[in-house]
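Notes to accompany the following structure.
Protein chains: 2
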Amino acid sequence: MIDLNRQAQLRTAIESLYFAYRGFTDRPDRMLERRGLGRVHHRILYFIGRRPDVSVKGLLDLLAVSKQALNAPLRQLLEMGLVAAVEGTEDRRVKNLRLTAEGQRLEAELTGAQMKHLQAAFDSAGPAAEQGWRDVMVALVEG
Amino acid sequence: MIDLNRQAQLRTAIESLYFAYRGFTDRPDRMLERRGLGRVHHRILYFIGRRPDVSVKGLLDLLAVSKQALNAPLRQLLEMGLVAAVEGTEDRRVKNLRLTAEGQRLEAELTGAQMKHLQAAFDSAGPAAEQGWRDVMVALVEG
DNA sequence: CGGTTTAGGTCAATCATGTTGACACAGTAG
DNA sequence: CTACTGTGTCAACATGATTGACCTAAACCG
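Chains as they are written, first to last, in our numbering: chain A, 1 to 143; chain B, 144 to 286.
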């Protein structure tokens, strides 16, 4: 069993993770809302920007959603000209996804808001704290 | 404009936050699923446990949802005997909410999984990293 | 060659979680 | 008495997800 004081510390940590995540997503959410898009669209734009030429399957694995859940928003982004799909050169079944210039613009805008938010927190906490934060986050993702 | 290298670092940070949060919630989610409950129920149990005698309004403000969204799951928890409501002593309109013994048991089980997860990450990253992590999280929540 | 697997797409039914609006009732505060 | 507050509930709707079933086309394999 974990010590009671320690439990209180861990609860504080749980709460900060909850509130931080909530505060972190709601700015881009509000930007997207104005265009009739949702958080999924941001995630799709984000990961395509991060991994240009990712396949639909690759995106599915990253996002951990069903292909039906991905299909509609992705098609929307294609229709809006924010994402482009090119037929795979090796395997003609696969679609390699990329951001168009306009897609890059929107993605930069959305992610930029989050980057500013994070940067402000890092600035206020200092570089040592930032490194510690990164170390803990890596352990959290891996564990 | 932020430096490109810095942008890449910030993107890494964004991703770790996304994946960490996702990994963090899915264990309790799976436990709840077996009882036919959802993440909302966990949040309700959590915050009532944290602030015994909180009112319905207090819970609404904490969770930042509409009262209609809160009502159904809260009623469910009351009916299941996991939460008890007592009439306020000063203001008889308010309901002060508490966990029953069984509610405490379930809450401890759910949050315990998250505490173990966090503790493991802190153990692996070390105490200095933990402090840095906390500092950044506080700044993130406040910003 | 032919059979199986893989990448992708789509339709349908369903569920979970949230919203807003409207209304009710009891209790408090002035 | 009136106004506001805390709580509850009904209805309509939106969003984002699920599973299951079925389809095409391409690749892979024996």
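The beta carbon of each residue, even a glycine, is placed where N, CA and C say it ideally should be. On a predicted model such as this, the values are computed, not experimentally measured, just so you know.
Assuming N239/B and A228/B are in contact, meaning their beta carbons sit under 8 Å apart, how far apart are those beta carbons, in whole angstroms? 7 Å
Check for me: the beta strand (DSSP E) holding R40/A runs from which residue to which? First, the residue type needs correcting, since residue 40/A is Val and not Arg in the sequence shown. From DSSP, V40/A is part of no beta strand (DSSP E) but of the alpha helix (DSSP H) over R39 to R50.
Amino acids of chain B, ordered along the chain, whose beta-carbon sits closer than 7 Å to that of A80/A: Correcting the residue identity first, residue 80/A is Met in this sequence and not Ala. Under the 7 Å cutoff, chain B gives no residues; its nearest Cβ is about 23 Å from M80/A.
V229/B: first and last residue of the uninterrupted alpha helix (DSSP H) it sits in: Here V229/B belongs to no alpha helix (DSSP H); instead the beta strand (DSSP E) covers V226 to E230.
Please confirm whether G49/A and L99/A have their CB atoms less than 8 Å apart. yes
Using three-state DSSP, classify R277/B as helix, strand or coil. In the three-state reduction of the DSSP assignment, R277/B falls in the helix class, which pools H, G and I.
With H, G and I counted as helix, E and B as strand and the rest as coil, what does DSSP make of R241/B? The answer is strand: DSSP assigns R241/B an E or B state.
Stretch pair the stretch 272-281 of chain B + the stretch 117-137 of chain A: three plus CB contacts closer than 8 Å: yes
Which residues in chain B have a C-beta closer than 8 Å to the C-beta of E130/A? List them in chain order. G275 and V279
If I measure Cβ to Cβ from T254/B and keep anything under 7 Å in the same chain, skipping five residues before and after, which residues do I get? Contacts found: Y189.
Check whether the stretch 148-163 of chain B touches the stretch 180-189 of chain B, counting contact only when three or more Cβ pairs, one atom from each stretch, lie closer than 8 Å. no
Rounded C-alpha distance that separates A212/B from D204/B: 12 Å
Tell me, to the nearest whole angstrom, how far the beta carbon of P171/B is from that of A263/B; I am working on the premise that it is less than 8 Å. Incorrect: roughly 15 Å between the Cβ atoms, too far for contact.
Chain-ordered chain B contacts of V86/A [CB-CB under 7 Å]: Chain B residues near V86/A: none, gap ~24 Å exceeds 7 Å.
Element boundaries [alpha helix (DSSP H), containing A8/A]: L4 to E33
Using the DSSP secondary-structure output, state which residues sit across from V65/A in a beta bridge. Per DSSP, none; premise fails for V65/A.
Give me the Cα-Cα distance between R105/A and L82/A, rounded to the nearest whole angstrom. So the two alpha carbons sit approximately 9 Å from each other.
Taking Cβ-Cβ distances shorter than 8 Å, what residues in chain B pair up with G23/A? L283, V284 and G286
Against chain A: residues of the stretch 152-165 of chain B by CB proximity under 9 Å: Q152, L153, R154, T155, A156, I157, E158, S159, L160, Y161, F162, A163, Y164 and R165
Kindly list, in the order they appear in chain B, the residues whose Cβ is closer than 9 Å to that of R50/A. Neighbours of R50/A on chain B, chain order: R154 and E158.
Pop quiz: R43/A and L63/A are said to be a contact at Cβ under 8 Å. What is the actual Cβ separation, rounded to whole angstroms? 6 Å
Strictly under 8 Å for the Cβ-Cβ distance: is H42/A near chain B by that measure? no
In its own chain, which residues sit with a C-beta less than 7 Å from the C-beta of I145/B, not counting the 5 before and 5 after it? none
Measure the Cβ-Cβ separation of M115/A and L153/B and say whether it is below 8 Å. Yes.
In chain A, which residues lie less than 9 Å from L258/B when you measure between Cβ atoms? According to the sequence shown, residue 258/B is Met rather than Leu. Under the 9 Å cutoff, chain A gives I2, R6, Q7, L10, R11, A13 and I14.
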